[in-house]
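Q: Could you have a look at this structure, given as structure tokens, before my questions?
Residue numbers (our numbering), protein chains in the order written: chain A, 1358 to 1667; chain Z, 384 to 476.
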């Protein structure tokens, strides 16, 4: 087992056990600013943890970042881990991040779909969904990014349990989704939600379930443009950006639509790089450059939220 | 662990909406065979799909019969998976 985060390789992929062990070491080593919150259990009863970065205060305006909702997208968990380390490394040095943490808390859920992630290591590297099963349904798993209440069951999701975009029997039927809904709703003061996927180099905002623009779409368009520019300046990776339904396709029951409808005005979904060749099998050598560029985009979004309180 | 030897990822560039719907039909023709890594969205975006080795000839014949231009994005998935696993083992060592 990893003895400390210093021996942990941030430029490699890791198993669920290694990541959970890293989380414990990380929290121990940075207990002044980081804590671990257990927000629930997965369908197969694995713990679901969130890292909280806070410099004090109560129920401060908060930023939510989740990675790994689709288990085969390994680059996203690795990016989440690197960003967590980055936050504690630059706090007190990076003025923007330091100001953000003076006024806001940051929550990162690194393994949003632990059952699916464990399954990609044990049986099927290309598994996407969770591992839920129900009597009478002969296919396993629900697409956790189709199980949210907003637009549930609409176009861009599938009622066929064998489909990769199966939306599940009812909204928030999946414990992995219900745990996040409960946590964010109970907290009540989230201002930013960022859900990180791969791949195809896009930064998108609501809506996915409708072609109608959200009320602050100009602001989100400009913010996405700034974030994508900040990302490009790191390693020259080009992203496209816009609303999900007009940039990619109509998708219903997705995280960012639920977040937006819950009142989180700055809701974004990343599709990280694959540099056009690797799809979900991005080599580990690209973990750090991917995380570095993604961090600059996320930092841009958080800075905007800090300067535009609501 | 499932083995993906010989499975390929094909990148298809659909010219128009009609060709996109031909790709969507493929999911129905080959249920649980064709795995869209990037689903059919709009003509300006590529469609990436993983095709099991056993279905490759059929799927390529379907694409060619309908004039759908494609390239091979990943020639053998298992090769990349083996490299990934070796890299993890090396890092652990």
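All C-beta atoms in this analysis are idealised placements derived from N, C-alpha and C, irrespective of residue type, glycine included.
Is there a C-beta anywhere in chain Z that falls below 8 angstroms from the one on residue 1637(A)?
A: Mapped onto the first chain, residue 1637(A) falls at position 280. By this cut-off, residue 1637(A) is an interface position.
Q: By the DSSP assignment, the alpha helix (DSSP H) with residue 1410(A) in it spans what residues?
A: Reading the first chain from its first residue, position 53 is the one you call residue 1410(A). Not the alpha helix (DSSP H): residue 1410(A) falls in the beta strand (DSSP E), residues 1404 to 1410.
Q: Contact defined as beta carbons within less than 8 angstroms: I believe residue 1549(A) pairs with residue 1596(A). What is the distance between those atoms, to the nearest angstrom?
A: Residue mapping note: residue 1549(A) aligns to position 192 of the first chain, counting from 1. Residue mapping note: residue 1596(A) aligns to position 239 of the first chain, counting from 1. With a Cβ gap of about 18 angstroms, residue 1549(A) and residue 1596(A) do not count as contacting.
Q: Taking the alpha carbon of residue 395(Z) as the point to measure from, which residue in 445(Z), 404(Z) and 431(Z) has its own alpha carbon closest?
A: Mapped onto the second chain, residue 395(Z) falls at position 12. Out of 445(Z), 404(Z) and 431(Z), 431(Z) has the C-alpha closest to the C-alpha of residue 395(Z).
Q: By DSSP's criteria, residue 1624(A) is part of a beta bridge. Which residues make up the other side?
A: By 1-based counting over the first chain, the position of residue 1624(A) is 267. The partner list for residue 1624(A) (beta bridge, DSSP) reads 1550(A).
Q: Would you say residue 1374(A) reaches chain Z, if we count a Cβ-Cβ gap shorter than 8 angstroms as a contact?
A: For the purposes of this step, residue 1374(A) is identified with residue 17 of the first chain, where counting begins at 1. For residue 1374(A), the answer is no, since every Cβ of chain Z falls outside 8 angstroms of its Cβ.
Q: Can you find a CB in chain Z that lies within less than 8 angstroms of the CB of residue 1602(A)?
A: As a position in the first chain, residue 1602(A) is number 245, starting the count at 1. Judged by the 8 angstroms Cβ criterion, residue 1602(A) is not in contact with chain Z.
Q: Measure from the alpha carbon of residue 433(Z) to the alpha carbon of each residue in 398(Z), 448(Z), 467(Z) and 409(Z), then state which is nearest.
A: The residue given as residue 433(Z) occupies position 50 in the second chain. For residue 433(Z), the nearest C-alpha among the options comes from 409(Z).
Q: Kindly confirm or deny that the segment 1566 to 1582 of chain A and the segment 1633 to 1651 of chain A touch, where touching means at least three C-beta pairs closer than 8 angstroms.
A: Not touching, per the Cβ criterion.
Q: Is residue 1648(A) near residue 1435(A), with beta carbons less than 8 angstroms apart?
A: Stepping through the first chain from its first residue, residue 1648(A) is reached at position 291. Stepping through the first chain from its first residue, residue 1435(A) is reached at position 78. Taking 8 angstroms as the Cβ cut-off, residue 1648(A) and residue 1435(A) qualify as a contacting pair.
Q: Does residue 1522(A) come out as helix, strand or coil in the three-state DSSP assignment?
A: Here residue 1522(A) refers to the residue found at position 165 of the first chain. Coil at residue 1522(A), not helix or strand.
Q: Take residue 1439(A) as the anchor and find which of 1617(A), 1641(A) and 1661(A) has the nearest alpha-carbon.
A: By 1-based counting over the first chain, the position of residue 1439(A) is 82. The candidate whose alpha carbon is nearest that of residue 1439(A) is 1641(A).
Q: Taking 8 angstroms as the limit between beta carbons, can you name the residues of its chain near residue 413(Z), skipping five residues before and five after?
A: Indexing the second chain from 1 puts residue 413(Z) at position 30. Contacts found: 438, 441 and 442.
Q: Starting from residue 1395(A), follow the alpha helix (DSSP H) in both directions and report where the run begins and ends.
A: As a first step, residue 1395(A) must be located in the first chain, where it is residue number 38. First-last for residue 1395(A): 1391 to 1398, but that is the beta strand (DSSP E), not the alpha helix (DSSP H).
Q: To the nearest angstrom, report how far apart residue 464(Z) and residue 406(Z) are at their CA atoms.
A: For this step, residue 464(Z) is matched to residue 81 along the second chain. For this step, residue 406(Z) is matched to residue 23 along the second chain. So the two alpha carbons sit approximately 26 angstroms from each other.
Q: At what residue ranges does the segment 1464 to 1531 of chain A contain a whole run of the alpha helix (DSSP H), taking only runs of 4 or more?
A: Fully enclosed alpha helix (DSSP H) runs of 4 or longer: 1471 to 1479.
Q: With a Cβ-Cβ cutoff of 8 angstroms, do residue 1663(A) and residue 1457(A) count as a contact?
A: Here residue 1663(A) is taken as the residue at index 306 of the first chain, counted from 1. Here residue 1457(A) is taken as the residue at index 100 of the first chain, counted from 1. Their beta carbons are under 8 angstroms apart, which means residue 1663(A) touches residue 1457(A) by this criterion.
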